[in-house]
Structures are given as structure tokens and as C-alpha cells.
Amino acid sequence: MSPLETVARPLAARPRLRTAQGGALMAMGAMSSVQLGLALSVPLFAQLGALGTAGLRLAWAGVLVLLLIRPRPRDFAARDLLACAFLGLVTAGMVLLFMLSASRIPLGTASALEFLGPLAVSLLRPGGGRKHWAVLAALGVVLLTEPWQGGIDPVGVGFALGAAACWAGYILLTQRVGDQVTGLKGLAVSLPVAGVVATLVAAPSELGRVTWPLVLIMLGLAALSTVLPFSLEFLALRRLSAGAFGTLMSLEPAIALVMGLLVLGQVPGLAPAAGVVLVVIAGAGATRTGGRDAEVAEAVERTEVVEGTEDAMPVREGEVAEPALCA
1 MSPLETVARP LAARPRLRTA QGGALMAMGA MSSVQLGLAL SVPLFAQLGA LGTAGLRLAW
61 AGVLVLLLIR PRPRDFAARD LLACAFLGLV TAGMVLLFML SASRIPLGTA SALEFLGPLA
121 VSLLRPGGGR KHWAVLAALG VVLLTEPWQG GIDPVGVGFA LGAAACWAGY ILLTQRVGDQ
181 VTGLKGLAVS LPVAGVVATL VAAPSELGRV TWPLVLIMLG LAALSTVLPF SLEFLALRRL
241 SAGAFGTLMS LEPAIALVMG LLVLGQVPGL APAAGVVLVV IAGAGATRTG GRDAEVAEAV
301 ERTEVVEGTE DAMPVREGEV AEPALCA
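Just so we're aligned, residue 1 is where the sequence shown starts under the UniProt record's numbering, counting upward by one.
Spelled out as C-alpha cells, the structure:
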């Protein structure tokens, strides 16, 4: 038994949060990890470029999830593999476009514009009770970005909006893959696909700038800002509706603002601080109304299995099994 199995099996045996609040905690952890990793990545743009930083991060992330999860072909139906591949393409687009945007416009602005993707998911999904939280979050985004200041690079804005579209697709595809594929096996296919796509895009222009110290630094950042948060998002989307998840992700610009302050020394003004308050309120509201529909949650629950044994063990009614990291 590997060290990861030794840790993962006892964790899988514990009672798990299966409520909207549990999904919200996972989403918060994912956002914090992403923004910390991104803040630490910003200084590397000067050495690797935006494409090189994104490509190397995703390449390492793909390698790490293959080593940790080790998916087997028999674990997937053909349609599931196709969905995972599409998720990988969308993931690569989301990361590459956001990095390009962050290289041209402020980090908080790029993050807020990218949030328009999950906000659109929240607004377009049925369920009017959640829409007022999305509107409140949108007001917070306006205050965070301060569009009245002007002078925003239109190309950077275009990159951010492209990342927003990819993020919306990522939310919907992640929930579909998470419902069809047990554990984190879907992630073990989608992230390597994203790594291959990002490497093919970045290599022609950035390969000559890569050095061994940068490779090792990006290994750590890949674990912090890609593998950990993507895993948490997979698990969060099994507990939250796509609309509620999109609204909850309104906290991302606020977390980006905090990480910018702590890591990069970027001090927010009064308007961004007010925006933080609004998105926090919107995020709290989303946790109260954001559980998966009962029929969907029960269907997912009945298909969950406990991994790490030779034979799949069905989960008892009323439990949700967390996937082990190693099959």
C-alpha cells in the first residue's frame, strides 16, 4: 500500500459533508488555492511569459494527477472519455486565456471579468430564488473593477471574456463528468488533455525560455493552483447546483484582491473594499440555496463507490464516499 493510500483510505471512511455548506467549503478552498498560486505566478511572467507559465503549470498538473489517481481504461465508457476530453480542452482555454489577460490588465480586473462566465451560468439556470444573489454579486464586481477609471486594454479584456466563456463551459462539463465518473478519475483524464493542449500552444514561442529551476518552481505551483483546486471543485460540484456554484464563485475577485494585498502588496481602494462586502454576502446567500436537486444528488450518491479495494463497494444509503487518491 502506498503512503497516499494509507492516508486516503481512513479519510474515505469518515462521515462526509454532503450539504450545500460542505460544497461551499470545498469551493472556498479551491478559490483560495488558485488565487495564491496565481499571485505567486505573476513574477514569473517576466521569465516565462504568460503562455509559458500557463503551459508549464498545466503540463505538470497533468503528470501529477496521472501519478496520483492512475485511471484505468475500464473505468470509462466511450462517451465519458469524450466528455473528459472536451473538459480538458475547455480547461486549457480557461487557463491560457486568463494568463494572457492577467499579463495585460490588472489581476483583480481580469478575475472579475472572468467571473462573468459563472455569473451567466447562475442567471441562465432555472430557479429565480438564486438570481438576486447573482445580481448582488454583479454589483460587487462593478465596484471591484472600477470601470469608470477607464484605460483598460481591450485585448486584455477580450482574453478575459474568452476565459469567462471557458469557465462557464468548465462548470457545466465538470458537473456532468463528476456525475458520470466515480471519484476523481474524470480529472485524471481532463487535466492531462489540458496539459497537452497548453504545451502545444505555448511551446513554439516559450520553450527556449524554460530552465530547470523554473521547471521545479512550476511543479509546486501546479500542485497548489491546479491539482488541489480542480480536485476540490470536482467534489464541490457534486454537492452544489451549477447555478449555485457559479454564484458562489463570485468570491473569486475578492479572494484575488486579498491575495494581491498579502502577496503582491496591492492595496485596494474604498470601492473595491465595498465590492468585497457585496460578493461575500452573495456567496453566503448561495450556500443557503445551492444544494443539488434531491433527485440528482440521490442518483449520484447511488453510483458512488469506495475505491482502493479489488471489488467496488456500494455506498450505503445516506452516505457519500470521498474518492481515494490512488486506485
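Cβ atoms here follow ideal geometry from the backbone N, Cα and C, with glycine treated the same way.
- request: Spatial neighbours of residue 264 within its chain, please: CB distance less than 7 Å, with the 5 preceding and 5 following residues excluded, ordered by chain position.
  value: 39 and 42
message: Is it buried or exposed, residue 148, if we count other Cβ atoms within 10 angstroms and call 16 or more buried?
response: exposed
- prompt: How close, in whole Å, do the beta carbons of residue 187 and residue 234 come, if the pair is a contact with beta carbons under 8 Å?
  reply: 5 Å
query: Can you tell me whether residue 279 is buried or exposed, with buried defined as 16 or more other CB within 10 angstroms of its CB?
result: buried
- request: Please name the residue in 226, 135 and 181 whose C-alpha comes closest to that of residue 282.
  value: 135
message: With H, G and I counted as helix, E and B as strand and the rest as coil, what does DSSP make of residue 102?
response: helix
- request: Please determine if the region 44-57 and the region 213-224 are in contact, where contact requires at least 3 C-beta pairs separated by less than 8 Å.
  value: yes
message: Measuring straight from C-alpha to C-alpha, what distance separates residue 141 and residue 112?
response: 6 Å
task: Could you tell me if residue 211 is buried or exposed, where buried requires 16 or more neighbouring beta carbons within 10 angstroms of its beta carbon?
output: exposed
message: For residue 49, tell me which candidate among 256, 275 and 214 has the shortest Cα-Cα distance.
response: 214
Helix, strand or coil at residue 136 according to DSSP, with G and I counted as helix: helix
message: If I follow the unbroken alpha helix (DSSP H) through residue 235, where does it start and stop?
response: 228-236
message: Check whether the region 74-87 and the region 108-123 are in contact - that is, three or more C-beta pairs closer than 8 Å.
response: no
- prompt: According to the neighbour-count rule (16 or more other Cβ atoms, all chains shown, within 10 Å of its Cβ), is residue 228 buried or exposed?
  reply: buried
- prompt: By DSSP, does residue 240 sit in helix, in strand, or in coil?
  reply: strand
task: Answer with buried or exposed for residue 143, where buried requires no fewer than 16 other C-beta atoms within 10 angstroms of its C-beta.
output: buried
- prompt: Rounded to whole angstroms, how far is the Cβ of residue 237 from the Cβ of residue 88, which I believe are closer than 8 Å?
  reply: Wrong, their Cβ atoms sit about 16 Å apart, outside the cutoff.
query: Given a threshold of 16 other Cβ atoms within 10 Å of its Cβ, counted over all protein chains shown, does residue 205 qualify as buried or as exposed?
result: exposed
message: Considering only the alpha carbon of each residue, which of 162, 103 and 131 lies closest to residue 250?
response: 131
- prompt: Just the Cα atoms here: how many angstroms apart are residue 78 and residue 170?
  reply: 20 Å
- request: Could you check what DSSP says for residue 301 in three-state terms: helix, strand or coil?
  value: Residue confidence for residue 301 is low, a pLDDT of 45 falling below 50, so the modelled location carries little weight and cannot support an answer.
query: Taking Cβ positions, are residue 163 and residue 245 nearer each other than 7 Å?
result: no
field: Euclidean distance between Cα positions of residue 60 and residue 268
entry: 33 Å
- prompt: Between the C-alpha atoms of residue 24 and residue 101, what's the straight-line distance to the nearest angstrom?
  reply: 27 Å
query: Quick one, which of 271, 273 and 255 has its alpha-carbon nearest residue 31's?
result: 255
message: For residue 224, which residues in the same chain have their Cβ closer than 8 Å to its Cβ, ignoring the five residues on either side in sequence?
response: 33, 36, 37 and 40
- request: Tell me, to the nearest whole angstrom, how far the beta carbon of residue 328 is from that of residue 266; I am working on the premise that it is less than 8 Å.
  value: Summary: the structure shown does not reach residue 328, with the chain confined to residues 1 through 327, and so no result is reported for it.
field: Nearest neighbour of residue 195, chosen from 74, 72, 95 and 80 [CA to CA]
entry: 95
message: Under 6 Å: does the beta carbon of residue 197 sit that close to some heavy atom of the ligand ATP?
response: By its list of ligands, the structure shown contains no ligand whatsoever, and the ligand ATP lies outside what it can speak to.
query: Can you tell me whether residue 71 is buried or exposed, with buried defined as 16 or more other CB within 10 angstroms of its CB?
result: buried
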